[in-house]
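**Q** Below are the structure tokens for one structure; questions will follow.
Here's what the structure looks like:
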């Protein structure tokens, strides 16, 4: 039986035909804020996850308060992909590990990124500061999205902005990392912020 000619095989399409631009976007944040869930909610492909089970060795090292159901943690990255703007733009999403001991990996993942979505939890806003400092040191633009956990206290966004010492131009929104539409809105907010900065944007001064 004759084998099928390779030219007769249907071409695999990994991107929408109308794509004109692509960008690397980092999904960052402290431990347990919902980065893996966020990437999984929006990704159009099966997300790549590099996780390990949380063991007794994590006790006293990783803060599990308020996270009784968390059984695994990202140790390298999460990866996903999504098309936006009528399929003209494709975003490659890289979720970072949350623990500060992975800071060298944070630096590697943010290299070459056009921007970042920083997820935050109102139960631990202090956990954001090191992530924000790193992004500012590397001059990576970012938007902050408060992941609304069911048992987390709610605060007015202007109070959260003040607590995080965010620049007035830095986008700050709320999202539900389990809800695709909510996460897409956070990404669109970041893209709009990046578009606004393209013409002229002052360098961000690293926070002390």
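Numbering (our numbering), first residue to last: 1228 to 1435.
Note that beta-carbon positions come from the ideal geometry of N, C-alpha and C, so glycine has one too.
By DSSP, does residue 1469 sit in helix, in strand, or in coil?
**A** The structure shown has nothing for residue 1469, since the chain only spans 1228 to 1435.
**Q** Between which residues of its own chain and residue 1334 is the CB-CB distance below 8 angstroms, once the five residues before and five after are set aside?
**A** Counting only Cβ-Cβ distances below 8 angstroms, and skipping sequence neighbours, we find 1361, 1365.
**Q** Do you know how far the Cα of residue 1253 is from the Cα of residue 1344?
**A** Cα-Cα distance, rounded: 6 angstroms.
**Q** With DSSP collapsed to three states, give me the class of residue 1412.
**A** It is helical.
**Q** From 1322, 1391, 1257, 1386, pick the residue whose C-alpha is nearest to that of residue 1267; which is it?
**A** Checking every option, the nearest Cα to that of residue 1267 belongs to 1322.
**Q** Residue 1411: which of 1273, 1310, 1247 sits nearest, CA to CA?
**A** The option with the nearest alpha carbon to residue 1411 is 1310.
**Q** What's the C-alpha gap between residue 1287 and residue 1336?
**A** Confidence in residue 1287 is poor, its pLDDT being 49 and thus under 50, which makes the residue's placement unreliable; the coordinate value appears in the next sentence. If you take the alpha carbons of residue 1287 and residue 1336, they lie about 26 angstroms apart.
**Q** Closest to residue 1272 by C-alpha separation, out of 1363, 1318, 1245, 1409, would be which residue?
**A** Cα-wise, what sits closest to residue 1272 is 1318.
**Q** Can you tell me where the beta strand (DSSP E) with residue 1344 in it begins and where it stops?
**A** Element bounds for residue 1344: 1342-1347.
**Q** I need the DSSP call for residue 1439, collapsed to helix, strand or coil.
**A** There is simply no residue 1439 to check, as the chain begins at 1228 and stops at 1435 in what is shown.
**Q** Taking the alpha-carbon of residue 1373 as reference, which of 1357, 1324, 1330, 1265 has the nearest alpha-carbon?
**A** Answer by Cα proximity: 1265.
**Q** One question on the structure: do residue 1346 and residue 1245 come within less than 9 angstroms of each other, judged by their Cβ atoms?
**A** No, they are not a contact pair.
**Q** Would DSSP call residue 1276 helix, strand or coil?
**A** It is a strand residue.
**Q** For residue 1423, count neighbouring C-beta atoms within 10 Å of its own C-beta (all shown protein chains included) and say buried if the count is 16 or more, exposed if not.
**A** It counts as exposed.
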